Structures are given as C-alpha cells and as structure tokens.
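2 protein chains.
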Amino acid sequence: MQGTPQPTQPTPPAEGYAPTARTVPTRSRERAAYDRELVHAILDEAYVCHLGFVRDGAPVVLPTLYGRVGERLYLHGSTGSRPLRMAGAADPGLPVCVTVTHVDGLVLARSAFHHSVNYRSVVVHGVAHPVTDAEEKRAALDALVDHVAPGRAADSRPANAKELAATAVLRLDLREVSAKLRTGGVSDEPEDLSLPHWAGVIPVRREYGAPVAEADLSPGVELPGYLAEL
Amino acid sequence: MQGTPQPTQPTPPAEGYAPTARTVPTRSRERAAYDRELVHAILDEAYVCHLGFVRDGAPVVLPTLYGRVGERLYLHGSTGSRPLRMAGAADPGLPVCVTVTHVDGLVLARSAFHHSVNYRSVVVHGVAHPVTDAEEKRAALDALVDHVAPGRAADSRPANAKELAATAVLRLDLREVSAKLRTGGVSDEPEDLSLPHWAGVIPVRREYGAPVAEADLSPGVELPGYLAEL
Chain A
1 MQGTPQPTQP TPPAEGYAPT ARTVPTRSRE RAAYDRELVH AILDEAYVCH
51 LGFVRDGAPV VLPTLYGRVG ERLYLHGSTG SRPLRMAGAA DPGLPVCVTV
101 THVDGLVLAR SAFHHSVNYR SVVVHGVAHP VTDAEEKRAA LDALVDHVAP
151 GRAADSRPAN AKELAATAVL RLDLREVSAK LRTGGVSDEP EDLSLPHWAG
201 VIPVRREYGA PVAEADLSPG VELPGYLAEL
Chain B
1001 MQGTPQPTQP TPPAEGYAPT ARTVPTRSRE RAAYDRELVH AILDEAYVCH
1051 LGFVRDGAPV VLPTLYGRVG ERLYLHGSTG SRPLRMAGAA DPGLPVCVTV
1101 THVDGLVLAR SAFHHSVNYR SVVVHGVAHP VTDAEEKRAA LDALVDHVAP
1151 GRAADSRPAN AKELAATAVL RLDLREVSAK LRTGGVSDEP EDLSLPHWAG
1201 VIPVRREYGA PVAEADLSPG VELPGYLAEL
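Here it is in structure tokens:
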C-alpha cells in the first residue's frame, strides 16, 4: 500500500489491530480482542487454518497449512489447487478470510441454552497474493515447516527448484484481524442453580502420541530432541 | 424441494454422496471420498465447524457449533449474529460452505517438500435456511447439545420460549458433500531415503482433562456417567 516491494513486512501495530466494521462482532463484543501478542499466540499454536474464498459467487472453505512470519501469514498449496490458481489469475489478488480456532473446553450448563465451548479463534480478512519471489517463497516454506515442528526446517532437505516450482504459497498480511475468546466457567441463570444437573467445564486439549518412525530410516538416525519435546 | 414440509429429511443416499464439480478436488483426487458413513463419522467427532458465507462480496469464515440429525446439519447462532440475520433476510436462504477438519498426525518427511499432516475433513456446500418450526428447533438444539456430550440434552433444563426465540438455528441439508483424508506414513523421494533425517508420523489427538465442577452445584450432584466416559 506504500509503493514498497511486496516482500516488505507491514508495519506491526504498536499495540493491536485497529477494529473495522468486519472485525467488530455484532454479538458478544466483550469476547473480541485485537491484541497483537494474543493474535500471534493463537495463530502459532495451530497448523491448519480454514481458508475461505468466493468461487462463482459461492463461499468455499478449505483446511490449509499455514505459517506466520511477523505480520504476515503464508498459506500452502499446490500450484494446481483452486484458490492458488484463482489468486494467481486474479488481479489484485484473491479476497480471503482465514480463520484459526482452538477448542479449549466443553461448557456444560444446567440449562441447554447456556451450553457452550471455551475457545480461542482468530479471523483475518484481506487479499491474498501468490508469492513469486524465490527467496520469500523459501522463507515461507521454512516457516510452514517450522510451524508444524519448530526446528524442523533446518533438519530436512530444503526444496529444490522443481519442488519450489510445484509449490504455491499465498501471502496474507495481518492488517484486518480480530481474536475472539470464551474462557471461564458456566453462566447459568440464578433460578437454575438449584437444579439437579451437574455443571462445569471439561477441558479439551491437543495431545501428541508416541512418534511412529518410518521403517527405512538411515542406520543410527534417532528421534531429534525438538520432536521428543512436542 | 418436493413440496413437503421443511422438517422432512432429505433422502439418504444409498451408498454415498454424488460428486459434483465443486466436490471433486483439482488435486489429490485419491484423497477424496463420498461415503456416507465416513462423512457422518467425521462430522460427529467434532463440535465446531467453520461456516463460510459471502458478505458484501467478500468471504467470511466463522467457527460455529453444530449438530447432525440424519442427512441434515444444524448450525447454532444468536438471532443477532450476521450469518443468521443474513439467512433470515435472504430468500431463498444463505449460500454457505461448512467445513469440519480433524488433524490426526504430523507427517515429518526427510524433505521439506513432503511434510504434511494426516487429516480427515468434510466440506458441505449448500444453502442454509433458518429453522422456524418450534419442534424442529427444539430437536436441533437437543442435537447440538448431544453432539457435544451424548446424553446431555436429557440431563439439562430444556430451552424455554424466551430462550428459543433468542436462539437462531440454520439448517443445511447434506446433499453436496465430500470428505478428504490423508492417512499413513511418509512419502519421501527414493533418493532421499538415505538422508540422515528422522522421518515418521507423530499422532495428534484430542484429549479431555479432568472435569472442573462449578462451585455452586446442588448438594449431592455428582458427575454423570456419560461425562465421565468422555
């Protein structure tokens, strides 16, 4: 927007993202947040986002791997996939909405009406552009791999020219961004508190199982520390 | 579509959903599936879907609670929320895309290019309609609550008339539906197999923590069995 080359990062907002008409919810406004560190933390904890775009006038939502570099998301795809082809064909880019959600707990109220989940989500609105610069693409792919397992990019064979050409990456600046959260316990009506139903929160979290090594690893290759730590 | 009242279920497809231009992926077609039982299983294992719709020509993707009754999804919202208001105002309904994704494993290849995740996702295209029939709305809300914890709807106070009026529910028939899956191990290039990098799959799963009861439960109320089983 400032006439600088595209790989230049957007200026990080000093404290948070400026709310816009699209990022102020019509309901539960108290759950909305624009804090930059909170947004980054929610984004960095997931691997898969839900990428929304419009095709022939209808919405499409696809799960996609992503990474973050500063104030920029990189979305991964194949050069043959629809959103990537559309972003490449579209000028000036593909309008998208990228959403990341963590479910943190089941909120079981005495009343059916007050059942809910504790969650943290981030919604990013913007225009995605295909990454064409080879260096930026390499850095984006490193970020994508390190997003899944920090330290992994340096411990794998980098993409070669053919693989880079077969991989499409979309760039989306973090400008119009909001987080939304529900935390805490149950909010039942006062007159329901004496009902004979259990009420409370059941925490939900992501767990990793024991790593399953490929059968044909090179002799002597052990599970690296950064994966054992997951 | 047959002139019958809206609560009538769409006819379940005998084996699977018929592929359409929108549900046949341009890439990795071998990962697509249209089997009805598989689609139901993926839908029933999650609580939160990502609901996509178009607003002022731009895509919006929001996390939303949902339930399934036969060949129909019910999406939960407030009567004041944007998609619900839009669906009520729009005739004949709101074009949506609803996507549900489970991440089952991190796939760590020797090459950066072949990194992936194992996942199961379902994408539903269609037109959502607000549920206006009181009985259908009640059944939908029961399905939503039981979707989070089977057995819970019968063990909570049902919504009263005021709560029913404040709750909006969208109905989306399962007609244009596809699943997509990646399972199994690493797919490295033959020439990479001797590289000194660990390769394999780290399973990812959802775990429940110990239930946290509200401090003001009625005396003698214990955690019910259907919640202890989670």
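Those protein sequences? They're chains A and B, same order as listed.
So that you can map any letter, position 181 of the first sequence is 181 in my numbering, and since no number is skipped, the others follow by simple counting.
So that you can map any letter, position 149 of the second sequence is 1149 in my numbering, and since no number is skipped, the others follow by simple counting.
Just so it is clear, CB atoms sit at the ideal spot from N, CA and C, and this is done for glycine as well.
Quick caveat, the model's predicted, so the values are computed rather than measured.
| query | result |
| --- | --- |
| What's the call for A/T64, buried or exposed, on a 16-neighbour Cβ count within 10 Å? | buried |
| Under 6 Å Cβ to Cβ from A/H129, same chain only, skipping five residues before and after it: list those, please. | G93 and R171 |
| Starting from the Cα of B/E1176, find the closest Cα among B/D1044, B/R1027, B/R1072 and B/Y1208 and give me that residue. | B/R1072 |
| With C-beta atoms as the reference, is A/D216 less than 8 Å away from B/L1108? | no |
| Based on DSSP bridge pairs, tell me the residues matched to A/R206. | B/R1206 |
| By the three-class DSSP mapping on this structure, what secondary structure does B/Y1066 have? | strand |
| From the DSSP output, in three-state form, read off B/L1075 for me. | strand |
| If we count Cβ pairs, one from each stretch, closer than 8 Å, do we get three or more for the stretch 41–51 of chain A versus the stretch 94–102 of chain A? | yes |
| Exposed or buried, which one is A/T167 when buried takes at least 16 other CB atoms within 10 Å? | buried |
| Candidates B/L1141, B/K1137, B/V1060 and B/A1228: which alpha carbon is nearest A/P203's? | B/A1228 |
| Can you list, in chain order, the residues of its chain whose CB lies under 6 Å from that of B/L1181, leaving out five sequence neighbours each side? | R1031 and R1120 |
| In this structure, how does DSSP classify A/V169 when only helix, strand and coil are distinguished? | strand |
| Classify A/V39 as helix, strand or coil using the three-state DSSP reduction. | helix |
| Buried or exposed: B/G1264, going by 16 or more other Cβ atoms within 10 Å of its Cβ? | Within the shown structure, residues of chain B are numbered from 1001 to 1230, placing residue 1264 of chain B beyond reach of any answer. |
| Mapping the DSSP letters down to three states, classify A/Y17 as helix, strand or coil. | coil |
| By the 8 Å beta-carbon criterion, what residues does the stretch 1135–1150 of chain B contribute toward chain A? | L1141, D1142, L1144, V1145, V1148 and A1149 |
| Report yes if the C-beta distance between A/Y226 and A/G151 is below 8 Å; otherwise report no. | yes |
| To the nearest angstrom, how far is it from the Cα of B/R1068 to the Cα of A/A161? | 46 Å |
| Based on Cα-Cα distance, which residue from A/V54, A/L38, A/S156 and A/H76 lies nearest to A/L144? | A/H76 |
| Under a three-way DSSP split, which group does B/M1001 fall into? | Since pLDDT at B/M1001 reaches only 30, below the 50 mark, its modelled position is unreliable, and the value read off the structure follows with that caveat. Looking at B/M1001 - three-state DSSP - the assignment turns out to be coil, as it is neither helix nor strand. |
| By the 10 Å Cβ neighbour count, where 16 or more other Cβ atoms means buried, how is B/V1131 classified, buried or exposed? | buried |
| Would you say A/R182 lies against chain C (beta-carbon separation less than 8 Å)? | No chain C appears in this structure, whose protein chains are A and B. |
| Taking the alpha-carbon of B/R1157 as reference, which of A/A199, A/T23 and A/P224 has the nearest alpha-carbon? | A/A199 |
| For the stretch 1115–1132 of chain B, list every residue whose C-beta sits within 9 Å of some C-beta in chain A, in sequence order. | H1115, S1116, V1117, Y1119, S1121, V1123 and H1125 |
| Between which residues of its own chain and A/R82 is the CB-CB distance below 7 Å, once the five residues before and five after are set aside? | R55 |
| To the nearest angstrom, how far is the alpha carbon of B/D1044 from that of B/R1206? | 14 Å |
| Looking at chain A, which residues of the stretch 1037–1052 of chain B have a Cβ within less than 8 Å of any of its Cβ atoms? | Y1047, V1048, H1050, L1051 and G1052 |
| Using C-beta distances below 8 Å, list every residue in its chain close to B/A1159, excluding the 5 sequence neighbours before and after it, in chain order. | R1138, L1141 and T1167 |
| For A/Q6 and A/V169, what's the separation of their Cα atoms in angstroms? | In this prediction, A/Q6 has a pLDDT of 44, which is less than 50 and means its spatial position is unreliable; nothing more can be read from the coordinates. |
| Taking the beta carbon of B/Q1002 as the centre, do at least 16 other beta carbons fall within 10 Å, making it buried, or is it exposed? | At B/Q1002, the pLDDT of 32 sits below 50, so the modelled position is not reliable; the number obtained from the coordinates is stated separately. Its Cβ having fewer than 16 others within 10 Å, B/Q1002 is exposed. |
| Quick check: what's the CA-CA separation for B/N1118 versus B/G1185? | 9 Å |
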